[in-house]
Structures are given as structure tokens and as C-alpha cells.
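Undergrad: Everything in the sequence shown is counted per full-length UniProt numbering, starting at 1 for the first residue and increasing by one.
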Amino acid sequence: MDEQQIEDMLRRLENGDISEDDLESDGENIPYNPYLGALAAELEDDEDVLTGQDNSEDFLDQPLIQDEQLVQCAQSLERVEAQPTESLMNLRNLLWRKQSFLFDENNIKFGGSEELPSSIMKLQSPYQFFIYFFTNPFMENIVTESARYAVQKQPDRPEIFTEGELRKYFDILIFMSVYHYPSTRSYWSNKFSFSPIKEAMPINKFEKMRKLLHFNNNDDHLPVDHVQHDRLHNLRPIITHLNEKFSSVTIEQRLSIDEQMCATKVGHFLKQYLPNKPQKWGFKLFVLCNLSGFAYRFIIYSGKEANEGSSNSQNLGVVGQTVMNFLSVVPRQRNHIVYFDNYYTSLPLMCILAKQGIHSLGTIQRNRLGKTCKLPTKQDVMKSSIPRGSYEEYVTNFEGIDMTTVSWKDNKQVVLASTYVGACPVGNIERF
Numbered sequence: 001m002d003e004q005q006i007e008d009m010l011r012r013l014e015n016g017d018i019s020e021d022d023l024e025s026d027g028e029n030i031p032y033n034p035y036l037g038a039l040a041a042e043l044e045d046d047e048d049v050l051t052g053q054d055n056s057e058d059f060l061d062q063p064l065i066q067d068e069q070l071v072q073c074a075q076s077l078e079r080v081e082a083q084p085t086e087s088l089m090n091l092r093n094l095l096w097r098k099q100s101f102l103f104d105e106n107n108i109k110f111g112g113s114e115e116l117p118s119s120i121m122k123l124q125s126p127y128q129f130f131i132y133f134f135t136n137p138f139m140e141n142i143v144t145e146s147a148r149y150a151v152q153k154q155p156d157r158p159e160i161f162t163e164g165e166l167r168k169y170f171d172i173l174i175f176m177s178v179y180h181y182p183s184t185r186s187y188w189s190n191k192f193s194f195s196p197i198k199e200a201m202p203i204n205k206f207e208k209m210r211k212l213l214h215f216n217n218n219d220d221h222l223p224v225d226h227v228q229h230d231r232l233h234n235l236r237p238i239i240t241h242l243n244e245k246f247s248s249v250t251i252e253q254r255l256s257i258d259e260q261m262c263a264t265k266v267g268h269f270l271k272q273y274l275p276n277k278p279q280k281w282g283f284k285l286f287v288l289c290n291l292s293g294f295a296y297r298f299i300i301y302s303g304k305e306a307n308e309g310s311s312n313s314q315n316l317g318v319v320g321q322t323v324m325n326f327l328s329v330v331p332r333q334r335n336h337i338v339y340f341d342n343y344y345t346s347l348p349l350m351c352i353l354a355k356q357g358i359h360s361l362g363t364i365q366r367n368r369l370g371k372t373c374k375l376p377t378k379q380d381v382m383k384s385s386i387p388r389g390s391y392e393e394y395v396t397n398f399e400g401i402d403m404t405t406v407s408w409k410d411n412k413q414v415v416l417a418s419t420y421v422g423a424c425p426v427g428n429i430e431r432f
């Protein structure tokens, strides 16, 4: 493909000319389970129940979704601030003292409630939980937008499906996420068919619905060169709805912010590669979770773009402001605790959170502590004469907030920063 063809394809993707679920696999038709190669070979000759051309495609999960308030920060998460802020100037003048941080459990006593609302407590079956998140108005809107897209695509003979058929379609997707076959059409094979799927809907109907599934009006999609162009326009209603429903669940005391991958084999310009994740290829999401992994809020990374209009009145940078937007659903002055890694951790961010009654703990890059912090260097810590488990702690006061940083020797040097706990209490653990 030449450059012009590539640009045309990207515009089609962004302008909604291709259905959200009608995606094509990039490269080889890789089976879900590598041990099913023999099964796939037998299935090639089994066409008794299949009509039309045998274009077997791997089932492609739809990427997850995000909240309108967060989209501007998501588009510019990796932008680097060029000018030093007032907080950065204060950071350079910090006075660090080598001493232990005084930990007091009363300072982190949770002032909120972790009891679930009655609307959730009365739910008893998996189906009722599904309906709580995927409400009837939500499903009706998908049917409406899919019908609109069908008319836009083929005005003379639009393919319209009902809400009941949409629920069956989602049921099939759930089954497919649990029972992995080499290709989508394998579930309808005479020899190796999966009865709950085969009896729910014909294969041709399923494939038509997959091509027509739509969530937003293409006529409202702003062009690529528009200042308010949204790369995730086609998913925007789903993003907003799910984030509202997720955050309606009672928020627990201890929270975590991190990246996750929505694995996919589809070829897409938003696809990312994260080598340290179990699923290395897919759509990158930033997620606010509790300790059990339930997501209260999430955004999809939609590209590295400068966005001068994003709100950043606290001079936290794009990443810090994204954390603040994530935590906007968290009640203040209740002693919530948030954990993050060194991508997010900075002293100005932790200071602002502490002033709002949210404690924090995270690994931190050594150069974010300022030159006045005398923590040992990596070369000093990793000397053979320094036993594993050794640590060194420094404390400071940043704009009225007591903070601590600890250097700890594990397989490598680990540097932590916190506003509520230091190295103490110290104990022994068994390593495997």
C-alpha cells in the first residue's frame, strides 16, 4: 500500500465507515489454542451447515471503553512538560533528613463505608448483574444506532435486528470468551459445534449482526482535522455509560491506578505493544481498580497528542492531571489510599492528594526526588557487600505534608515514596 492508501484506510476507520465489530485479522489466522491445529484441519472439510463462502475469521473481542471527561488527558498522557512549575521549584529546595517515618494507624482509619448499595445487594444471579450494567435503555440505544447504520450503509435493503437478537448476540460473545475454538465459524460446525451457540442463532445472522453493530451516529463524527475530533467517537456512548455504572459501586478504601491491555489480533492504528504485560499486543487502558481488580473507571489510550485545552490548573503535568481526573469519583477526606507505579508517582501529586485526604504509596523514579535527597545510588545498593533486604529511609516536608522515601534492596534497587507509611514496621517474608 502506498501512503495515500494508508491515509484513506485510517480515515475510514476514524470516520465510522467500518463497523466496530467488523474487523479483520492482521497477518496470519492464528488459532486461540495452538493445540487445535488438527481440529482446524478437519473443520476445513466440514461445510454441511455453512452457506456462502468460507471466510473463517478469528473472533475479535471489542476493545473496552472510556469516559468523556477523561478523553483529553488520555490523548496526551505521554506528553512531557517543558517549563518548570512552582512545585518543581519547591522540590529543588527540599530538606531531606535521614530518619524513620512515624506510622500511625489512626491517621489512615477509613472514614467512609464499603457497604454496597441496596440496588446491588438485591442482585442474586449472574444475569441480574449483567442487566445492572447493560440496562434496557443502553441495549435499546445500541439497536437504534445499529439500525441507523444499516440504513446509512444500505438504504434500499437495511438489515435490522431486535433487542432480543442483540441479547443473544452478547450471549454468544460471552460463550466464545470462555470456550475457545480455532475460528468463529467452528462453533457452528456439524462435527465440533457448540450447542448453546449453534441453537441460539444461525451463523449467517451472527455475521450480519457483527458487521452492523454500531454505537454512535456517524453523522455527528467530526472530521479528522477538526480541533474536537474524537478518535473514539464510535465508542463514546458505551464509554460514558460503563464508567457511570462502574463508579456507582461503592468505592473501597484501597485503590490502584495502572495500565491494562485489551488483547487483540486485529490490525488497528491504536494498537499498542507493552513488553512487560502478559498480553503484549492490544489496546492500552488506564484503569482505577480496587484490591480485587474491580474497575471503577477506565480510559483507552487513543494516541500521543498535545492538547493545550486540557485542564491542568494544579501544574501536575498531563499524567498527574489524569490521576486527579481518575480520582474525581473518590470522596475526599475519608482516608482513601491509592497505589501506583513510577509512571504516575511524583511528590507534587502526592502532596495535593494528601491535602484532600487521600493517602498514596508508589514506586518513584530516583530523579523525581530532587538533587537534595541523598538516597544511595543503584551502584551503591547493588554492591555484593550490601545484603539483600537492606533499606535506607529519608523524610521531608513538602508544602506542609510529611513525606518519606525508602530505598530497598531486592533483586534490584526499589525506591518508594509515601505520605502515610515508611519502612517501619519491619518484618521478614519468605521468598520463592
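Think of the CB as a built atom: it goes at the ideal place given N, C-alpha and C, for glycine as much as any other residue.
1. With MET121 as the anchor, note down where its alpha helix (DSSP H) starts and where it stops.
2. On the CB-based measure, 16 or more other CB atoms within 10 Å of its CB, does GLU140 come out buried or exposed?
3. Can you tell me where the beta strand (DSSP E) with PHE175 in it begins and where it stops?
4. Can you name the start and end residues of the beta strand (DSSP E) that ASP380 belongs to?
5. In the structure shown, what three-state DSSP assignment does VAL319 receive?
6. Could you tell me whether the Cβ atoms of SER292 and LEU212 are closer together than 8 Å?
7. By the DSSP assignment, the alpha helix (DSSP H) with THR135 in it spans what residues?
8. Have a look at the DSSP bridge pairing and note the partners of MET201.
9. Would you check if the distance between the CB atom of ILE358 and the CB atom of HIS336 is smaller than 8 Å?
10. Rounding to the nearest angstrom, what Cα-Cα distance links HIS180 and GLU165 in this structure?
11. Do you know how far the Cα of LYS412 is from the Cα of ASP380?
12. Taking the C-alpha atoms as reference points, what is the distance between ASP402 and THR396?
13. Could you tell me whether the region 237-256 touches the region 266-276, where touching means 3 or more Cβ pairs closer than 8 Å?
14. Taking buried to mean at least 16 other C-beta atoms within 10 Å of its own C-beta, is PRO196 buried or exposed?
15. DSSP beta-bridge partners for MET403?
16. Closer than 8 Å by C-beta to GLN356: which residues in its own chain qualify, once you throw out the five before and the five after it? Chain order, please.
17. What whole-angstrom Cβ distance do THR404 and GLU393 have, given they're in contact under 8 Å?
18. Would you say CYS262 and LEU285 are within 8 Å of each other, going by their C-beta atoms?
19. Give the DSSP bridge partners of VAL415, in chain order.
20. I believe ASN243 touches PHE298 by the beta-carbon criterion, under 8 Å. Please report the beta-carbon distance rounded to the nearest angstrom.
21. Nearest CA to the CA of ILE251: which residue from PRO202, LEU316, PHE206 and PHE326?
22. Looking only at C-alpha atoms, which of ASP258, PHE294 and ALA295 sits nearest to LYS277?
23. Spell out a yes or no on whether the region 87-106 and the region 417-429 are touching, meaning 3 or more CB-CB pairs, one atom from each, closer than 8 Å.
24. Which value, in whole angstroms, describes the spacing of the CA atoms of LEU361 and LYS378?
25. Does DSSP put PHE283 in a helix, a strand or coil?
26. How big is the Cα-Cα spacing for MET203 and GLY389?
27. Between ARG368 and SER346, how many whole angstroms is the CB-CB distance? I'm expecting something under 8 Å.
28. Put LEU50 into one of helix, strand or coil per three-state DSSP.
29. With distances taken from CA atoms, which of PRO275, THR162, ASP341 and LEU222 is nearest residue 480?
30. Any idea what DSSP makes of ILE300, helix, strand or coil?
31. Do LEU94 and GLY317 have their C-beta atoms closer together than 8 Å?
32. If the criterion is Cβ atoms closer than 8 Å, does the pair ILE172 and ALA200 meet it?
33. Are THR363 and VAL414 touching if we call contact CB-CB under 8 Å?
34. Which of the three DSSP states is assigned to VAL388 in this structure?
35. Quick one: is TYR273 buried, meaning 16 or more other Cβ sit within 10 Å of its Cβ, or exposed?
36. Can you list, in chain order, the residues of its chain whose CB lies under 7 Å from that of residue 455, leaving out five sequence neighbours each side?
TA: According to the structure data:
1. Looking at the DSSP string, the run of the alpha helix (DSSP H) that includes MET121 is 118-121.
2. Looking at its Cβ environment, which holds fewer than 16 other Cβ atoms inside 10 Å, GLU140 is exposed.
3. Per DSSP, PHE175 belongs to no beta strand (DSSP E); it is in the alpha helix (DSSP H), 163-178.
4. Element bounds for ASP380: not the beta strand (DSSP E) but the alpha helix (DSSP H), 378-381.
5. Assigned with DSSP and collapsed to three states, VAL319 falls in helix.
6. No. Outside cutoff.
7. No alpha helix (DSSP H) contains THR135, which DSSP labels as neither H nor E.
8. Looking at the DSSP assignment, MET201 forms no beta bridge with any residue, so it has no partner.
9. Closer than 8 Å, so yes.
10. Cα-Cα distance, rounded: 22 Å.
11. ASP380 and LYS412 have their C-alpha atoms some 11 Å from each other.
12. As the crow flies, the alpha-carbon of ASP402 is around 6 Å from that of THR396.
13. These segments do not touch.
14. The residue is exposed, with fewer than 16 neighbouring Cβ atoms inside 10 Å.
15. In the DSSP output, where bridge partners are listed per residue, MET403 has THR396.
16. Once the five neighbours on either side are set aside, the close Cβ partners of GLN356 are ARG332 and GLN333.
17. Sure, about 6 Å apart at Cβ, within 8 Å.
18. If you check the CB distance, CYS262 and LEU285 come in under 8 Å.
19. Paired residue(s): SER407.
20. Contact between ASN243 and PHE298 holds, since their C-beta atoms are separated by about 7 Å, short of 8 Å.
21. If we check each option's Cα against that of ILE251, PHE326 comes out closest.
22. When each option's Cα is compared against that of LYS277, the closest is ASP258.
23. The answer is yes - the region 417-429 touches the region 87-106, with three or more Cβ pairs under 8 Å.
24. About 21 Å.
25. Reduced to three states, the DSSP call for PHE283 is strand.
26. Looking at the sequence provided, one finds Ile at residue 203 rather than Met. Cα to Cα, the separation comes out at about 59 Å.
27. Contact between ARG368 and SER346 holds: their C-beta atoms lie close to 6 Å from each other, under 8 Å.
28. No answer about LEU50 holds up, because its pLDDT of 40 lies below 50 and its placement is not dependable.
29. As displayed, the chain neither begins before 1 nor continues past 432, which places residue 480 out of reach and without an answer.
30. Three-state result, ILE300: strand.
31. Cβ distance not < 8 Å, so LEU94 and GLY317 don't count as in contact.
32. Taking 8 Å as the Cβ cut-off, ILE172 and ALA200 qualify as a contacting pair.
33. Taking the C-beta atoms as reference points, VAL414 is found nearer than 8 Å to THR363.
34. Sequence inspection shows Arg at residue 388; the Val mentioned does not correspond to that position. ARG388: coil per DSSP, three-state reduction.
35. With fewer than 16 other beta carbons inside 10 angstroms of its own, TYR273 counts as exposed.
36. The question about residue 455 has no answer here: the residues shown for the chain are numbered 1 through 432.
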